[in-house]
Each structure stands twice: as C-alpha cells, then as structure tokens.
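Peer 1: Before I ask anything, let me first share the structure, which is written out below as structure tokens.
2 protein chains.
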Amino acid sequence: MVCLALAGGVGGARMAHGLSMVLHPEDLIIAVNVGDDFTHLGLRICPDLDTVMYTLAGLANPETGWGIEDETWNVMNSIKKLGGPDWFALGDRDLATHLERTRQLAAGTKHSDVTKSLCHRLDIAHKIVPISEQAIPTIVETAEGDLSFQEYFVKQKCKPQVTGVRFAGATEAGLSHPLRHAIDAGEIDCVICCPSNPFLSIDPILALPEMRELLTTALPVVAISPIVGGRAIKGPAAKLMREFGLPPSTLGIAAHYSGIINGIVIDTADEADVLALRESGLKVLLTDTVMTTDEVRETLARQVLTFVRSLHG
Amino acid sequence: MVCLALAGGVGGARMAHGLSMVLHPEDLIIAVNVGDDFTHLGLRICPDLDTVMYTLAGLANPETGWGIEDETWNVMNSIKKLGGPDWFALGDRDLATHLERTRQLAAGTKHSDVTKSLCHRLDIAHKIVPISEQAIPTIVETAEGDLSFQEYFVKQKCKPQVTGVRFAGATEAGLSHPLRHAIDAGEIDCVICCPSNPFLSIDPILALPEMRELLTTALPVVAISPIVGGRAIKGPAAKLMREFGLPPSTLGIAAHYSGIINGIVIDTADEADVLALRESGLKVLLTDTVMTTDEVRETLARQVLTFVRSLHG
Chain A
593 MVCLALAGGV GGARMAHGLS MVLHPEDLII AVNVGDDFTH LGLRICPDLD TVMYTLAGLA
653 NPETGWGIED ETWNVMNSIK KLGGPDWFAL GDRDLATHLE RTRQLAAGTK HSDVTKSLCH
713 RLDIAHKIVP ISEQAIPTIV ETAEGDLSFQ EYFVKQKCKP QVTGVRFAGA TEAGLSHPLR
773 HAIDAGEIDC VICCPSNPFL SIDPILALPE MRELLTTALP VVAISPIVGG RAIKGPAAKL
833 MREFGLPPST LGIAAHYSGI INGIVIDTAD EADVLALRES GLKVLLTDTV MTTDEVRETL
893 ARQVLTFVRS LHG
Chain B
593 MVCLALAGGV GGARMAHGLS MVLHPEDLII AVNVGDDFTH LGLRICPDLD TVMYTLAGLA
653 NPETGWGIED ETWNVMNSIK KLGGPDWFAL GDRDLATHLE RTRQLAAGTK HSDVTKSLCH
713 RLDIAHKIVP ISEQAIPTIV ETAEGDLSFQ EYFVKQKCKP QVTGVRFAGA TEAGLSHPLR
773 HAIDAGEIDC VICCPSNPFL SIDPILALPE MRELLTTALP VVAISPIVGG RAIKGPAAKL
833 MREFGLPPST LGIAAHYSGI INGIVIDTAD EADVLALRES GLKVLLTDTV MTTDEVRETL
893 ARQVLTFVRS LHG
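Protein chains in written order, with this note's numbering: chain A, 593 to 905; chain B, 593 to 905.
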C-alpha cells in the first residue's frame, strides 16, 4: 500500500524526507504543490518541487531550507551587474535545474516526467510528483490588489494583508499522471498533509477536484500542524491565520482542515490543545514535530505512519 | 564622419577593438553578424555580438578569443549531471548575458536596444549594433544535408563538407535601427570588413539588401584578409575556400569580395600576392595583421583607417 504525502516547501520537504527514510520507494508518493511555479528570466521555476528534490537528494541548504548547500552565485552577480532583476535568488547549481526543466518542458515532456528525470539524475529513489501537469498559479488577494505568489512571497516578503487566495485553473486541472495512475489502481491507503503552509502549499493541492474526491473517500488523512506554540516554524502561516480570522494555533489548523482530516499531529509544546482537538472529533498524536535533525524527521515519520494507519477514514 | 566596421566573431572583435582604441565613440559603428544567433535552453544566444562586447569590455578570454576570462562553469557542470545538453559551452558569467538578453527581448525590447543596454552595463562607450533587429539564421548546406550554424560550427566542429551557405530571411530583413539611422543621416564615410570568416560572418551581413545597396555607393570599402600565409588565423575559412573552389589565399579573399571592396589589407607574410592583387584593380595595404597584442590591434587600426580614407569608393 502507498502512503500519499502532500507537500509544499521546506516543512513539507523535511516531512517527505523523513517518510523516505522509513518507506520503500514503491510505498510512498510525494505529491508537490505547483501553485508557486512561475516563469522568470524565461525559465520555468518550481520552488516547492525543487525544495523537495534537493532535500531528498541531500543537497538542501540546511540554513535556509531552500536552495542548495554551498551554492555559488556567479550568474546572479553578473545579472545584477547587467542591471537584470535580482529579487529572486538564483544560485548557479539551482539555475541548472531550471534550465534543464525548461528545456525538457519546451520539448513537450510532461511536468511529471521532467521531475522523474531530474530525480533520477539526483539519485532520488522515491517518487516526487507535481500535483498536476498543468500550471495552477496561486493568486494572493491583498488589500493592495491581486499579487502573483512570488510577488507576494519573495518580492513583498509576505507583508501585504491577505484577504483571500485563489488558484487559477485549479477546478479544470487534472492530477498528474503518476498520481492519477496510483489512485485508479487503488494503491493509496493513507494521506499525510505535511506541515507546509495550509493556505499557500496544501490548499492549492486540495483545490483540485480529483484530490478533494480522493480525500472524501474512506482513506485516513492526517495533518501535521505547521503551527507550534502559536507560531509558524517558517513562513507566513500564523500571519495568514490571523488575517483569515483563525486562531494561530493547532486548533486553527484543525478548523481549517475540518472535513478533510481524521487526525492531527501536534507538537508537545501544544499539549494544552489536545482536549479541545479530541472534542472536535479528531484523533491526536502528540510528539516532537520540529524537524531540526534527520533523526527527528525519521522518528516523526515512523510515528505519523503508525498513527495514520491506526485510523479509519 | 563615421567608420562602419562589419564584424563577426574573434577576428572581427579584435579588429573592432583596435578601431575602438583609435576612434571616438561617435566616429565608429561596429555592425555585428547575427546569423549565428540561436536559441538554446530557451535562451537567445548571440555568439558574435557577445565576442565583440566581451572583447571591447576587456573581459574576453585571450586563449579562446570567445567567452569570458577566468570564467566559472558551475551551471554547466550541474546541467551535465542532470543529463542536459553540454555540447555548447556556457560559462556562468556568459550565461548571465544570455538570461538578461532573453529577458529583455521577451519584454519586447529591440535587439539593438538590448545590445546597447548590455554594452552600457559593461562600460563599452563605442556603438556595437546587431546588423538587423530580426533573426537571419545561417543555414550551412552540406553533403549530409542542411545544418544550423551551431550544429555545423560547434556540434560537428566544421567537419562536414560545405556545398553552400544561405541566410534565412535575409532578403526580407532590414538593417537595425541605429545602422539605418546612420546611413539615412549620411554619416558613414568608409566601411571596413573585419578579418572575420567571409562566408559565415561577413556574407550574412552583405546578404541584407540595404547593406549591399550601401556598399555599391561611392563609399571606400576595404577588407582585412582573414587568410595569412594560406591559413585562416582561426576557424574554417581556408577549408571553406577550398570547398567553394577558391584558393585559400588573399587572392581568394579578393575574388570573394570582388565588386564590393576597393582595397585589401594583407599580412606581410603574403607579400608575394601584392602584384596580383594590384593587377585585379585593388589597392593593397601590406602590414602586420595578426592581432596578438593590443598594440598590434591599435597600430593596424590606425593604418587601416588611413588606408581606407585614402581610397575613393
């Protein structure tokens, strides 16, 4: 049976990495958000896919979570000198990924096949798949008007107040081929919503009608809370929860995923929330969720897998 | 009055560099071949323009003549690891030029304006202009069929026997705006065909009807022979001359440019050709043409300018 992990950026990548340490390659599919994919300098850039790939390949920069460790910036520095745009950081080795992906996509190769080929070259045995073959650009609705995801996230550093988020074309987009295939073959027996940003990383995945449909079957679905002790480990999740009128807590996460998840995994720092979460009808796993080391990732993955497989959807 | 230099790759770049050491920026236009421009990894690459730019900016690799000195290859090495194409060498700093050019062209900026902006950022005071705003891809006709220029030049290392060369769209292509402007204003008083490959670098320039028209006016036009002592300083010029049934000598060069040039500049190594060249009706300047050092470039440029301005078209 196959565990389906839904992942976005850094938090998702680390959970996926943990799961890859515990599960055989044929027992795990890591489905990655494509809502933050964008075209920059003529290149198709897929930050979430790249973060997951680099993390599983052991190449990720441990400081930032994104990008490549010991990266060089020769191209970027020259682009700056030429007066080109420098708001989106492009390391030399990272750039090779974007160039090769863009080349393969331009040659007509499917997004999932390009990802498969890149993973193969990076010696990643586990399946990393884009959630869809199509682009589903995330549009962040703010008090200052609509912003593209990278404009909001990188250029404006998540500062604008968000009033809503939409995913252009999501309702018409199909799941990517490997994902569709696994679902049709009835292989998936549980779903894990990794501790990625619920609004910006997981929601664009849930926005696909075929994914919603899967999650309303009898499959057990758990989410690992990206909020620990009232704060997001990384990124604007807590800020967005406040902007959306949700408490920035595991309770807010549970409310957001209501109707989708059967269980929630929360950090020991949030022990006080357990009762309320159980009262809302959820099963709760209380453990260490801050994945600072490979050991924590692996232990958490084992616990989460035991937990999700103990549930009934 | 403005001197118009027609240039291709390395030899053209070195002559243009010499001219830039002697002439004020407003007295020189370096018009560069675009026949070898191509799109690779989604990037618009203009090898001849780049070679001229890098040479005038003092960045050129003195060993190869093309590319940037002390270049790094981090992106290229990663592309290789990802299984991407590695037949066309792309240095990190060079890549920045292609990325920024591609970005500006995609934004609708004219080729000549993009070149102007890149030159400005590289602190080049002299005017380097693409011969046309349009693409005029050189097609090399060989015994094995038609090849794109880079396929012939880089991928197949000039090995296939060439039966002809054509320039797609040349008869419909106009001169680039700065060039058109200078001609319309009657500013150009002489033309120098730099010692670039006559078939692959200068012919694609001469293939433009507006350029042909300019060269059949009363302007003095000289060519510096890229053949010295029966050999090309660089590249396949001598091989092509043999394939086209021309002697690989200054006489062959003179025959090729017949009807276009009034004078020819040849190396002292070819002194034996002077009489025959004069008998063919050409004025001849015999001097050192092998531009190994900046001093030779500058001296040659002074001599060529005195020579061309002594002629009547």
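Beta carbons are placed, not taken as given, at the ideal position from N, Cα and C, and that holds for glycine. Bear in mind that the values here come from a model prediction, so they are computed numbers and not experimental data.
(1) What do you reckon, are the CB atoms on B/A599 and B/I622 nearer than 9 Å?
(2) Alpha carbon to alpha carbon, what distance is there between A/G873 and A/A847?
(3) So which residues of chain A does B/N789 contact, with C-beta pairs closer than 7 Å?
(4) When the distance is taken between beta carbons, is A/L697 closer than 9 Å to A/R636?
(5) Use the C-beta contact count for B/P617: other C-beta atoms within 10 angstroms, 16 or more gives buried, fewer gives exposed.
(6) Hey, does A/K673 have any beta-carbon neighbour from chain B nearer than 9 Å?
(7) Quick one, which residues of the stretch 685 to 707 of chain B are near chain A if we go by CB-CB under 8 Å, in chain order?
(8) What's the call for B/G700, buried or exposed, on a 16-neighbour Cβ count within 10 Å?
(9) In the DSSP assignment, what are the bridge partners of A/P722?
(10) Using the beta-carbon of each residue, which ones in chain B are nearer than 9 Å to A/R834?
(11) Just confirm the distance between the C-beta atoms of B/V614 and B/L897, as a whole number of angstroms; I'd bet it's less than 8 Å.
(12) What in chain B is Cβ-close to A/L633, meaning under 8 Å?
(13) Hey, how far is the Cα of A/V626 from the Cα of A/E887?
(14) Should the stretch 681 to 696 of chain B be regarded as contacting the stretch 663 to 682 of chain A, the criterion being three or more beta carbon pairs within less than 8 Å?
(15) Which word fits B/Q742, buried or exposed, when buried means at least 16 other C-beta atoms lie within 10 angstroms of its C-beta?
(16) Along the chain, which unbroken stretches of the beta strand (DSSP E) at least 3 residues long are found entirely within the stretch 774 to 849 of chain B?
(17) Identify which residue in B/I723, B/A727, B/S793 has its Cα closest to the Cα of B/H773.
(18) Look at the Cβ atom of B/I816, then the Cβ atom of B/C786, and state whether they are nearer than 9 Å.
(19) Does the distance from the CB of A/V574 to the CB of A/L892 come in under 9 Å?
(20) What residues are listed by DSSP as bridge partners for B/C750?
(21) Strictly below 8 Å CB to CB, what residues from chain B border A/G676?
(22) My parser needs the alpha helix (DSSP H) runs of 4 or more residues fully inside the stretch 692 to 740 of chain B; what are they?
(23) For the putative contact between B/E692 and B/L710, defined by C-beta atoms under 8 Å, what is the C-beta separation to the nearest angstrom?
(24) Under 7 Å Cβ to Cβ from B/R606, same chain only, skipping five residues before and after it: list those, please.
(25) Which value, in whole angstroms, describes the spacing of the CA atoms of A/M803 and A/E779?
(26) Output yes or no for whether 9 Å exceeds the beta carbon distance between A/G855 and A/V820.
(27) Evaluate contact between the stretch 756 to 775 of chain B and the stretch 727 to 745 of chain B, counting only Cβ atoms and requiring at least three cross-stretch pairs below 8 Å.
(28) Suppose contacts are defined by Cβ-Cβ distances below 9 Å. Is B/V754 in contact with B/F836 by that definition?
(29) List the residues of chain A whose Cβ lies closer than 8 Å to the Cβ of B/T664, in chain order.
Peer 2: For this structure:
(1) Position 7 of the second sequence, counted from the first residue, corresponds to residue 599 of chain B. Position 30 of the second sequence, counted from the first residue, corresponds to residue 622 of chain B. Between B/A599 and B/I622, the gap from beta carbon to beta carbon is short of 9 Å.
(2) Reading the first sequence from its first residue, position 255 is the one you call residue 847 of chain A. Reading the first sequence from its first residue, position 281 is the one you call residue 873 of chain A. C-alpha of A/A847 to C-alpha of A/G873: approximately 11 Å in a straight line.
(3) In the second sequence, the residue the question calls residue 789 of chain B occupies position 197. In chain order: nothing, as chain A lies at least about 28 Å away.
(4) Along the first sequence, read from residue 1 onward, the residue named residue 636 of chain A stands at position 44. Along the first sequence, read from residue 1 onward, the residue named residue 697 of chain A stands at position 105. Cβ distance < 9 Å, so A/R636 and A/L697 count as in contact.
(5) By 1-based counting over the second sequence, the position of residue 617 of chain B is 25. Classification for B/P617: exposed.
(6) What you label residue 673 of chain A is simply residue 81 of the first sequence in a count that begins at 1. Interface residue, yes.
(7) Those would be R685, L687, A688, T689, L691, E692, T694, R695, A698, in chain order.
(8) Numbered from its first residue, the second sequence carries residue 700 of chain B at position 108. Exposure of B/G700 is indicated by the presence of fewer than 16 other C-beta atoms within 10 angstroms of its C-beta.
(9) Counting from one through the first sequence, the residue named residue 722 of chain A turns up at place 130. According to DSSP, which records beta bridges pairwise, A/P722 is partnered with A/V624.
(10) One-based indexing of the first sequence puts residue 834 of chain A at position 242. The premise fails here: A/R834 is roughly 37 Å from chain B at the closest Cβ pair, so nothing lies under 9 Å.
(11) Numbered from its first residue, the second sequence carries residue 614 of chain B at position 22. Numbered from its first residue, the second sequence carries residue 897 of chain B at position 305. About 6 Å; that satisfies the 8 Å criterion.
(12) Residue numbering aside, residue 633 of chain A sits at position 41 when the first sequence is read from its first letter. In chain order: L691, E692, T694, R695.
(13) What you label residue 626 of chain A is simply residue 34 of the first sequence in a count that begins at 1. What you label residue 887 of chain A is simply residue 295 of the first sequence in a count that begins at 1. Their backbone Cα atoms lie some 28 Å apart in a straight line.
(14) Result yes; three or more Cβ-Cβ pairs closer than 8 Å.
(15) Here residue 742 of chain B refers to the residue found at position 150 of the second sequence. Buried, since its Cβ has 16 or more Cβ neighbours within 10 Å.
(16) DSSP assignment within the stretch 774 to 849 of chain B yields the following whole beta strand (DSSP E) runs of 3 residues or more, N-terminal first: 780 to 785, 813 to 816.
(17) Counted from its first residue, the second sequence places residue 773 of chain B at position 181. Checked all of B/I723, B/A727, B/S793; the closest Cα to B/H773 is B/I723.
(18) Residue 816 of chain B sits at position 224 when you count from the first residue of the second sequence. Residue 786 of chain B sits at position 194 when you count from the first residue of the second sequence. For B/I816 and B/C786, yes; Cβs fall inside 9 Å.
(19) Since the displayed chain A opens at 593 and closes at 905, residue 574 of chain A lies outside it and no answer follows.
(20) As a first step, residue 750 of chain B is located in the second sequence; it is residue number 158 there, counting from the start. In DSSP, B/C750 forms no bridge with anything.
(21) Numbered from its first residue, the first sequence carries residue 676 of chain A at position 84. Ordered by position in chain B, the residues that pass the 8 Å Cβ test against A/G676 are A688, L691, E692, R695.
(22) Counting only runs of 4 or more, we get 703 to 713.
(23) Walking along the second sequence from the start, residue 692 of chain B turns up at place 100. Walking along the second sequence from the start, residue 710 of chain B turns up at place 118. Their Cβ separation, rounded to whole angstroms, is 7 Å, which keeps B/E692 and B/L710 in contact under 8 Å.
(24) Numbered from its first residue, the second sequence carries residue 606 of chain B at position 14. Counting only Cβ-Cβ distances below 7 Å, and skipping sequence neighbours, we find T647, M883, R889.
(25) Residue numbering aside, residue 803 of chain A sits at position 211 when the first sequence is read from its first letter. Residue numbering aside, residue 779 of chain A sits at position 187 when the first sequence is read from its first letter. Going by C-alpha positions, A/M803 is about 14 Å away from A/E779.
(26) For this step, residue 855 of chain A is matched to residue 263 along the first sequence. For this step, residue 820 of chain A is matched to residue 228 along the first sequence. Result no, Cβ atoms of A/G855 and A/V820 do not sit closer than 9 Å.
(27) Cβ pair count under 8 Å is three or more, so yes.
(28) For the purposes of this step, residue 754 of chain B is taken as residue 162 along the second sequence, with counting starting at 1. For the purposes of this step, residue 836 of chain B is taken as residue 244 along the second sequence, with counting starting at 1. In this structure, B/F836 lies closer than 9 Å to B/V754 by Cβ.
(29) By 1-based counting over the second sequence, the position of residue 664 of chain B is 72. For the C-beta of B/T664, the chain A residues within less than 8 Å are, from N- to C-terminus, T664, N666, D684.
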